[in-house]
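Every letter in the sequence shown is one number past the one before it in full-length UniProt numbering, and letter 20, counting from 1, is 20. Read the structure below first, then the notes.
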Amino acid sequence: MRYTFTITDEDGKASNIEAMSYKKMLKKLDSKKKVWVTYVNKHGNALTKIIEKGVWKKLSS
(Lines of atoms letter the chains of each structure in order from A; the text may use other names.)
(Lines give C-alpha, C1' and ligand atoms only; values in the text may rest on other atoms or scores of the structure.)
Protein backbone atom coordinates (compact mmCIF):
# COMPACT_ATOMS: atom_id res chain seq x y z
CA MET A 1 0.00 0.00 0.00
CA ARG A 2 1.06 3.57 -0.55
CA TYR A 3 0.33 5.11 2.87
CA THR A 4 0.37 3.84 6.44
CA PHE A 5 -2.05 5.63 8.75
CA THR A 6 -1.73 5.46 12.54
CA ILE A 7 -5.19 5.46 14.10
CA THR A 8 -5.45 6.40 17.79
CA ASP A 9 -8.84 6.05 19.49
CA GLU A 10 -10.17 7.88 22.56
CA ASP A 11 -8.74 5.19 24.87
CA GLY A 12 -5.23 5.80 23.53
CA LYS A 13 -4.95 2.49 21.66
CA ALA A 14 -3.06 2.87 18.39
CA SER A 15 -3.37 0.72 15.29
CA ASN A 16 -2.07 0.93 11.73
CA ILE A 17 -4.16 0.91 8.56
CA GLU A 18 -2.63 0.73 5.10
CA ALA A 19 -4.48 2.28 2.17
CA MET A 20 -3.84 3.80 -1.23
CA SER A 21 -5.45 7.15 -0.33
CA TYR A 22 -6.89 9.16 2.56
CA LYS A 23 -10.47 8.70 1.30
CA LYS A 24 -10.10 4.92 1.09
CA MET A 25 -8.75 4.86 4.65
CA LEU A 26 -11.84 6.78 5.85
CA LYS A 27 -14.07 4.02 4.49
CA LYS A 28 -12.25 1.45 6.66
CA LEU A 29 -12.84 3.38 9.91
CA ASP A 30 -15.71 2.88 12.35
CA SER A 31 -17.90 5.91 11.68
CA LYS A 32 -19.30 6.08 15.21
CA LYS A 33 -16.00 6.68 17.02
CA LYS A 34 -13.74 9.69 17.45
CA VAL A 35 -10.17 8.95 16.32
CA TRP A 36 -6.92 10.78 15.60
CA VAL A 37 -5.26 9.96 12.29
CA THR A 38 -1.52 10.55 11.84
CA TYR A 39 0.28 10.01 8.54
CA VAL A 40 2.95 11.38 6.20
CA ASN A 41 1.59 12.81 2.93
CA LYS A 42 3.21 12.59 -0.51
CA HIS A 43 5.20 15.79 0.13
CA GLY A 44 6.78 14.31 3.27
CA ASN A 45 4.77 16.41 5.75
CA ALA A 46 3.45 14.75 8.91
CA LEU A 47 -0.27 15.42 9.40
CA THR A 48 -2.64 14.76 12.30
CA LYS A 49 -6.40 14.97 11.82
CA ILE A 50 -9.35 14.36 14.13
CA ILE A 51 -12.14 12.25 12.64
CA GLU A 52 -15.46 12.38 14.49
CA LYS A 53 -18.49 10.48 13.16
CA GLY A 54 -16.75 10.00 9.80
CA VAL A 55 -16.14 13.74 9.33
CA TRP A 56 -12.82 15.59 9.59
CA LYS A 57 -12.70 18.26 12.33
CA LYS A 58 -10.24 21.15 12.36
CA LEU A 59 -7.59 21.16 15.08
CA SER A 60 -7.99 24.18 17.33
CA SER A 61 -4.84 26.29 17.30
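Each residue gets a CB set at the ideal place from its N, CA and C atoms; glycine is no exception. All figures in this text were calculated on a predicted structure; none of them were measured in a lab.
DSSP, reduced to helix, strand and coil, places Leu26 within a helical segment of the structure shown. At the C-beta level, Val40 and Lys49 stay beyond 8 Å of one another.
The beta-bridge partner set that DSSP reports for Glu52 consists of Lys34 and Val55.
As DSSP reads the structure, Ser15 sits in a beta bridge with Ile7.
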